[in-house]
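Protein chains in written order, with the numbering used here: chain A, 328 to 714; chain B, 328 to 714; chain C, 328 to 714; chain D, 328 to 714. All C-beta atoms in this analysis are idealised placements derived from N, C-alpha and C, irrespective of residue type, glycine included.
Number of protein chains: 4
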Amino acid sequence: MTDAAADLVERISAFIRETVIPYEGDARIGKHGPSDDLRIELQAKARAAGLLSPHVGREFGGHGLNHRQIAQAFRAAGYSLLGPVALNIMAPDEGNMAMLEKVASEAQKERFLRPLASGAVRSAFLMTEPDGGAGSDPSMMQTTAVQDGNHWVINGRKTFITGADGAGFGIIMARTETGATMFLADMGGDDIRIDRVLDTIDRTMPGGHAMMTLENVRVPADQILGEIGQGFKYAQVRLAPARLTHCMRWWGAAKRAHDTAVEYATHRMAFGKPLIDHEGVGFMLADNEIDLKQAELMIDWCAGVLDVHGHGAGTEESSFAKVAVSEALFRIADRCVQVLGGLGVTDDTPVHQIFRDIRAFRIYDGPSEVHRWSIAKRIKKRALAGA
Amino acid sequence: MTDAAADLVERISAFIRETVIPYEGDARIGKHGPSDDLRIELQAKARAAGLLSPHVGREFGGHGLNHRQIAQAFRAAGYSLLGPVALNIMAPDEGNMAMLEKVASEAQKERFLRPLASGAVRSAFLMTEPDGGAGSDPSMMQTTAVQDGNHWVINGRKTFITGADGAGFGIIMARTETGATMFLADMGGDDIRIDRVLDTIDRTMPGGHAMMTLENVRVPADQILGEIGQGFKYAQVRLAPARLTHCMRWWGAAKRAHDTAVEYATHRMAFGKPLIDHEGVGFMLADNEIDLKQAELMIDWCAGVLDVHGHGAGTEESSFAKVAVSEALFRIADRCVQVLGGLGVTDDTPVHQIFRDIRAFRIYDGPSEVHRWSIAKRIKKRALAGA
Amino acid sequence: MTDAAADLVERISAFIRETVIPYEGDARIGKHGPSDDLRIELQAKARAAGLLSPHVGREFGGHGLNHRQIAQAFRAAGYSLLGPVALNIMAPDEGNMAMLEKVASEAQKERFLRPLASGAVRSAFLMTEPDGGAGSDPSMMQTTAVQDGNHWVINGRKTFITGADGAGFGIIMARTETGATMFLADMGGDDIRIDRVLDTIDRTMPGGHAMMTLENVRVPADQILGEIGQGFKYAQVRLAPARLTHCMRWWGAAKRAHDTAVEYATHRMAFGKPLIDHEGVGFMLADNEIDLKQAELMIDWCAGVLDVHGHGAGTEESSFAKVAVSEALFRIADRCVQVLGGLGVTDDTPVHQIFRDIRAFRIYDGPSEVHRWSIAKRIKKRALAGA
Amino acid sequence: MTDAAADLVERISAFIRETVIPYEGDARIGKHGPSDDLRIELQAKARAAGLLSPHVGREFGGHGLNHRQIAQAFRAAGYSLLGPVALNIMAPDEGNMAMLEKVASEAQKERFLRPLASGAVRSAFLMTEPDGGAGSDPSMMQTTAVQDGNHWVINGRKTFITGADGAGFGIIMARTETGATMFLADMGGDDIRIDRVLDTIDRTMPGGHAMMTLENVRVPADQILGEIGQGFKYAQVRLAPARLTHCMRWWGAAKRAHDTAVEYATHRMAFGKPLIDHEGVGFMLADNEIDLKQAELMIDWCAGVLDVHGHGAGTEESSFAKVAVSEALFRIADRCVQVLGGLGVTDDTPVHQIFRDIRAFRIYDGPSEVHRWSIAKRIKKRALAGA
């Protein structure tokens, strides 16, 4: 890391500790995440500290970090579940920014990326559908886009759309004659309707997760993102880094849970000695540190692959990372609950919510089973090629 | 099982399915569990069906079931998280009823047990303290009771007191000169103060879990439960069966989660075939069935020990059961979330809440680590005795 | 259990302890199991003690035990890896005896079962083939039997045939026009050829496991076992109980490993206290006891199903038992190695060989994966039937 | 890596594949490892290929690799269990060479290191004692060295001394007045007696593991290694890298097991399709690749720490690596056995022996429990320092 990047990470850590963590009990955090009001307040402070959207290019106000630097920065930010919101690096906005930087036209960047990067609006990524369409199995997508003069008309249903409630615009994946295509669409009107916001185990993503109906959504042709029919290719470009930034942010959360458990176990007495002196507890904390280190190494390795090989690379590596990191972080969070005992299942420490969020993370961006399935397919292909 | 008991279990199953499950989305279920209003409504229906408090003796309106029959009945009741509330067999009331039946004087039974068994009041069990007192390590208890003429005056702090908010009376464990003693005390006054109700991962126990202050609580001497100084002995009498009824109720919940996952996996398509035809999913469901069977066998074995050996027996056996069953049920719940994918982390199925409740169960009545610790001590003692 | 059965189990335990265990270091135990010489010597002592072949009917010298009694007896016998050989209840002989009792004609019983039950000869079960035939996937069987007058002529290759080296006769599974058929055939001639005996991780089954070639094996028609074309049906009759007796015998071995580890951990000092006082060790031993209890309950439950429902029952139940018990016993054996440290990977205690044998057990009679697969198929069938 | 180092690794891989693997069925591999005759034959070929003792400095015939280069080279060498013997990088010789390079006097290097590095002799490291002395708990060491003029006289017992049978010299750890001290002693005489060689689960280390008696071993004062009383300090210098080279070598073995399982699963049919197309198998192979990658990253990270921080560093990091890598490699080996089914528990593939060796590895150089214990102590110390 350059000195500048190391300094940035240090500043993020201090900002989280001193500025963000005090907001954690804020009443504006509801079951569908922090309110927009709270988000704006936090982001104003991050902007003042020069820490807003650190990953995007300098022309959009960021620091133009590479993936390995992003890993350091996002892990530091994730130390509070509010950190990624404060720094404007929460999903899906962060992944949307990254994709727009790579794929959008200059005009699209000005219209959509700039306000997103500045925190003026939030965004959504409308891909997953009920009945399995475009979720783990993208071949089942049913939303369609039909050309009508200089516009496209989109109809369909989407589900589990993170951040849709309150988003300024969305990137819609729809089936066109030549394949899946991505469209940039303003949100807030009656055509992109939020049927309901789901009540979920996690509660840190602004806007929560929505079920939606798209009814005759008219999008001008110049709001096609990239080329027609290339939607799944761009989704892949978005997917590998987006999976990995999930790993990074929740790594920070798991570290926080661990530090909380260590602090408790060092001072709480049981049966005549500090909890940590009981091997049953100390061993769990030792395993946490090993898991944290392994997850960190896995993230950095995959980030390095993305840095070296660029767009579209890292599909298999990010599958490795998603499985290994999400499962390791869940083990950590689960152990921390266990170490805290009764306290661990209450909101009196951040561990309870971290446990819940990381349980959801094991599903988001593909459950381990889907990744193992695709890794096995690649193993077979390589074995047959080598034969 | 007798025919009568088998019939009772069948009626409970039908009642849960037809009467209780439709209430599951009721708005009166808040983050601290179902409201008293909802509880009363459900219990009225159970009373009408002859299913209220089935475990207590016939003189208190129940069916006088033995532990093995209780196992069948409670597993059936647990199939809805509302079931135990509806049947008045939820913790801590159920354990309190069982202990009062065994330990209370006739006058105490009339005054406290009868209204509890009939659903007229709820109760609490005030044992656990902040800073570890009387939790996993009972030697650290700090609440005291001092005699003052024909009364005792109790002072102290209690935490994680389930159902305290709204309870009609409580059983308070306090330190007296000759050892720990249990007192029956009316609640609702200013002397037994609820400082706050904790926000916890579970949300099915009426009244939630409270932190409390006991300030000059005056209890007449005839409200001592059992003998002075025998509190921990009675706590043991309560503990083994209470641990086991937790296992039973949550077994039912895990079975519900499994049935939900099986239903989903049988009909939901992915990559061209039903989910269950993917071994990655089918194997999880197979493991669920094996775990359910093992947990059932463990419960029935321990219940049999309690039936044969009576009061105070089953301490080690219930430790075995608590560890094995709570961990098995959590694996099941976790797999069910995984099978359901995104749906699994929402409130659209009961699985999400079952997962959360069972995570708490792994802590309640002693985390696995404490049980393993006490089992190891017994192994050592036996090994040295055999030498 | 009847008093007689309980007494028998007690006598078996004493016989193992006093008579069999002293043979454990005998030089006649080679890498392919105990020599026939040693087997005969051990069985003579069991015969004298009235303990030989206790499971078979009284008319063949046994005690006519039901499955639940067998469970008690075999667990006791398994306490030494030599115990099942001594009592003549080792695979495949024990399973062959059970099948012959159920399926063979009276003449066949006299000719084959009687000498087998008396320990005069050993036997083999020739089913599994190289290239997967009649192993986990029986549809792939390639060995054929063709009628030639009053004889049948069998050709094919078999693999992993336990006990073939030195067996007096074998039960051969072969494909006939109307389906798979079982044949009783004398062994020892050139037509049933042992190509080689495999070097395997286990070393307690007399004769080891052989790869074999069957070349023009002529079997008289009256040595067909049961009816033509019913081979797989009989294999199922054999399979469920045979799987379960594996569980029983190795349960005894795991108990032995555990007792060895407990003894060591109670007396060996490390860092100033006995190993067992280290939670890292004590917890492993506690988990062992829980696993042993669960495995015992699972075995008894499945045995009860076989007792109540008879021939051909228990397929799914024995799949449950095989998966749960074999995995539990392996966890136990692995923990025992770990508790013993360096000593655990040497032949200085029986734990090393128990660990190796139980690793093999996880494969024998179907790896867990095949059982999970078939359990999942049944779950699906039931779910669809219930819909 | 430099080009030269990358080239070396490639040459090692080719040498293993083409030259070493064909020796794997050699009859000179007994239960106590390959014979000295076989070792000499293999090392002659490695010497001819310029690959002998690649880790030691150029002045002793090696390539002077740093730890990260060693990681690459040793993983490649471990691909055959005979590879480390062939390249003269097997424990304990490799660790002894590394320590002698750092600690020995010039004269000692000529006398002991040079013939060891050239393959002329083997060596042993006599530290562990029966009854726990100098094993996991070094404070219990009972072997003593007493000065007698210009000599020291050593008495005591040692156990689990790898490679002692046939070693030319040994490094003996003994208690002196000012602390533990290391002595270089010629072996082969009556004073350093091999009581017996243990029969162990592994069988790849030449000479196996011996129990020994040291009786009046007279060592001249100039054969003290390093300074008097500094034995444990040097043991630490030896320990961290030695643990890590274990990880490296067995990583190669696990990779071999995985490749064997992949090859089998790709071509073996079951239930109508290749095994690998069954998710139950494919997922195991996917988990193998994830575990291999994580283990590789952990090794490289720890090697990097050793490269940067030098002698005596890496104690905690190598504890992390030992736990994570040994447990990961065992999971891999266990899955490979499972994928291979019956074949997996025979000597027909290298997987069986790899499984056995890696089970032993989980004990060697400290079982996971000892490492977790020391990690927990460090966590506590840091937590208290931070408070």
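Asked                                                                                                                    : Found
Residues that DSSP places opposite M596 of chain C in a beta bridge                                                      : C:P601
Any chain C beta carbon closer than 8 Å to Q621 of chain B                                                               : yes
Cutoff 8 Å: G668 of chain A Cβ touching any chain C Cβ                                                                   : no
Chain C contact for H638 of chain D (CB, 8 Å cutoff)                                                                     : no
Own chain residues within Cβ distance below 6 Å of A584 of chain B, not counting five before or after                    : A660, C663, V678, I681
Own chain partners of K358 of chain C with C-beta closer than 7 Å, once the 5 adjacent residues on each side are dropped : D526, R530
Range of the contiguous alpha helix (DSSP H) that encloses G506 of chain D                                               : Run containing G506 of chain D: none in the alpha helix (DSSP H); it sits in the beta strand (DSSP E), 506–513.
Rounded straight-line distance, which links the Cα of G668 of chain D to that of R686 of chain C                         : 11 Å
Whether V544 of chain B touches V480 of chain B by CB criterion (8 Å)                                                    : yes
Distance between W700 of chain D and G724 of chain B (C-alpha atoms, nearest Å)                                          : There is simply no residue 724 of chain B to check, as chain B begins at 328 and stops at 714 in what is shown.
Near the ligand MN: A640 of chain D beta-carbon under 7 Å from a heavy atom                                              : Here there are no bound small molecules, and the ligand MN is not part of this structure.
C-alpha distance - F387 of chain B paired with P381 of chain B, whole-angstrom precision                                 : 10 Å
CA-to-CA distance, K649 of chain D to R570 of chain D, given in whole angstroms                                          : 6 Å
Burial state of E616 of chain A, where buried means 16 or more other Cβ atoms lie within 10 Å                            : buried
Backbone CA spacing between M424 of chain B and L369 of chain C [nearest angstrom]                                       : 58 Å
Nearest-angstrom Cβ-Cβ length linking T503 of chain A and P457 of chain A, presumed shorter than 8 Å                     : Incorrect: roughly 20 Å between the Cβ atoms, too far for contact.
Reduced DSSP secondary structure (H/G/I, E/B, other) of P381 of chain C                                                  : coil
Positions along the segment 596–616 of chain C whose CB lies within less than 8 Å of some CB in chain A                  : H605, E606, G607, F610
Burial state of D692 of chain A (16 or more Cβ within 10 Å)                                                              : buried
CA-to-CA distance, M417 of chain A to A494 of chain A, given in whole angstroms                                          : 13 Å
Residues in the segment 674–687 of chain D having any Cβ partner in chain C nearer than 8 Å                              : D674, D675, H679, F682, R683, R686, A687
Contacts of T593 of chain D in chain A (Cβ-Cβ under 7 Å)                                                                 : K707, A710, L711
Cβ-Cβ separation, F647 of chain D to K620 of chain A (assumed contact under 8 Å), whole Å                                : 6 Å
Helix, strand or coil at E386 of chain A [DSSP, three-state]                                                             : helix
6 Å Cβ shell around R565 of chain C - same chain, five flanking residues per side excluded                               : G422, M426
Run of the alpha helix (DSSP H) containing A710 of chain C, from where it starts to where it stops                       : 695–713
Chain D contacts from the segment 646–658 of chain A (Cβ-Cβ distance under 8 Å)                                          : F647, V650, A651
DSSP bridge partner residues for R545 of chain D (one or two, in chain order)                                            : D:V480
G631 of chain A versus I626 of chain C: straight-line alpha-carbon distance, rounded                                     : 52 Å
Option in C:L335, C:E696, C:L511, C:L633 with minimal Cα separation from M500 of chain C                                 : C:L511
Distance CB(P442 of chain C)-CB(L409 of chain C) smaller than 8 Å                                                        : no
Segment limits, alpha helix (DSSP H) that includes V439 of chain A                                                       : Checking the sequence shown, residue 439 of chain A turns out to be Phe, not Val. Neither: F439 of chain A is in no alpha helix (DSSP H) and is coded neither H nor E.
Minimum Cβ-Cβ distance from E702 of chain C to chain B less than 8 Å                                                     : Contrary to the premise, residue 702 of chain C reads as Ile rather than Glu in this sequence. Yes, contact with chain B.
Whole-angstrom C-beta distance between V652 of chain B and A613 of chain B, which should lie under 8 Å                   : At roughly 19 Å, the Cβ-Cβ gap does not stay under 8 Å, so A613 of chain B and V652 of chain B are not in contact.
Residue(s) in a DSSP beta bridge with F452 of chain B                                                                    : B:I498
Sub-8 Å separation of M514 of chain A and G497 of chain A beta-carbons                                                   : yes
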